[in-house]
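Before any comments, here is the structure.
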Amino acid sequence: MTISFFILLFMVGLKVNIGACQNECSEKHCGDFGPPIKFPFRLKDKQPDHCGYPGFDLSCNGSNNTVLELPISVKFNVTHINYKSQVIQVVDPDGCVPRQLHKLNLSASAFQFKGDYQYDYTLFNCSPADRNLYYQIPCLSETSHQILAISSHSSIDAFPISSPCSRKSCSTSRRAVHLL
1 MTISFFILLF MVGLKVNIGA CQNECSEKHC GDFGPPIKFP FRLKDKQPDH CGYPGFDLSC
61 NGSNNTVLEL PISVKFNVTH INYKSQVIQV VDPDGCVPRQ LHKLNLSASA FQFKGDYQYD
121 YTLFNCSPAD RNLYYQIPCL SETSHQILAI SSHSSIDAFP ISSPCSRKSC STSRRAVHLL
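Each residue of the sequence shown is one higher than the one before, counting from 1 in the UniProt record's numbering.
Here it is, written out as structure tokens:
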């Protein structure tokens, strides 16, 4: 009788511990409309390290947006996570993905660009003579100069630009970034 009572107590204690462990790694959200956060991701400072893979930490900002921080302090808001196809969609909180991509080094990250969404552009710094160019990047441009994005597969000579331009850098950009 005593042994069965101790076995019963042990089993109840084990069930409570297993339940607590499962609860600490249960699906989380940042706010009411954020994407579900579950393994392999974890909510940094809210879930233990074993709830996700290293480098797959997400956090919530003051506006209840889900945030992915990549190496060199590049932060994106997470808009969608497709666990089946292993794709995470992110946007720049300031609306200027090219500014973030200029600093981004994915070789130090667990993430890569999804092939369908990878576009190579060369950025050019031009004087402001040409206005309303469809390939201008307003968030990088100022009154003294414009930043233009032209497909790396094209020549700048093929575009109707009358002002002198200098090559600035190469980047991969979209409004939203799809990472694997």
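The beta-carbon is built from N, C-alpha and C at its ideal position, and this holds for glycine as well.
Exercise. On the three-pair Cβ rule with 8 Å, is the stretch 98 to 118 touching the stretch 70 to 84?
Worked result: In short, these stretches touch, since the Cβ pair count reaches three.
Problem set entry | Cβ separation of G95 and N64, assumed to be a contact under 8 Å, to the nearest whole Å | Rounded to the nearest angstrom, the Cβ distance from G95 to N64 is 18 Å, too far for a contact under 8 Å.
Exercise. Is N82 helix, strand or coil when you go by DSSP?
Worked result: Taken through DSSP and simplified to helix, strand or coil, N82 comes out as strand.
For this session: Could you tell me whether the Cβ atoms of V87 and L58 are closer together than 8 Å?
Result: No.
Exercise. Taking the alpha carbon of V91 as the point to measure from, which residue in N125, F76, K38 and S85 has its own alpha carbon closest?
Worked result: Across the set N125, F76, K38 and S85, the C-alpha of F76 shows the shortest separation from the C-alpha of V91.
Problem set entry | Proximity to S85 [Cα-Cα], best of K114, P164 and C139 | Ranked by Cα distance from S85, the first of K114, P164 and C139 is K114.
For this session: Could you work out which residue in C51, Q112, D45 and Y53 is closest to N61 when comparing CA atoms only?
Result: Of the residues C51, Q112, D45 and Y53, the one whose Cα lies closest to the Cα of N61 is D45.
Problem set entry | Selected residue, minimal CA-CA separation from I147, among Q112, P98, S154 and S109 | Nearest C-alpha to I147 among Q112, P98, S154 and S109: P98.
Exercise. According to the neighbour-count rule (16 or more other Cβ atoms, all chains shown, within 10 Å of its Cβ), is F111 buried or exposed?
Worked result: Buried, because 16 or more other Cβ atoms sit within 10 Å of the Cβ of F111.
Exercise. Starting from Q100 and walking both ways along the alpha helix (DSSP H), at which residues does that stretch end?
Worked result: It spans V97 to K103 - the alpha helix (DSSP H) in which Q100 sits, taken as one unbroken run.
For this session: Any chance you could list the beta strand (DSSP E) runs of at least 3 consecutive residues sitting entirely within the stretch 44 to 95, in chain order?
Result: List check, beta strand (DSSP E) in window: 57 to 60, 66 to 70, 74 to 82 and 87 to 91.
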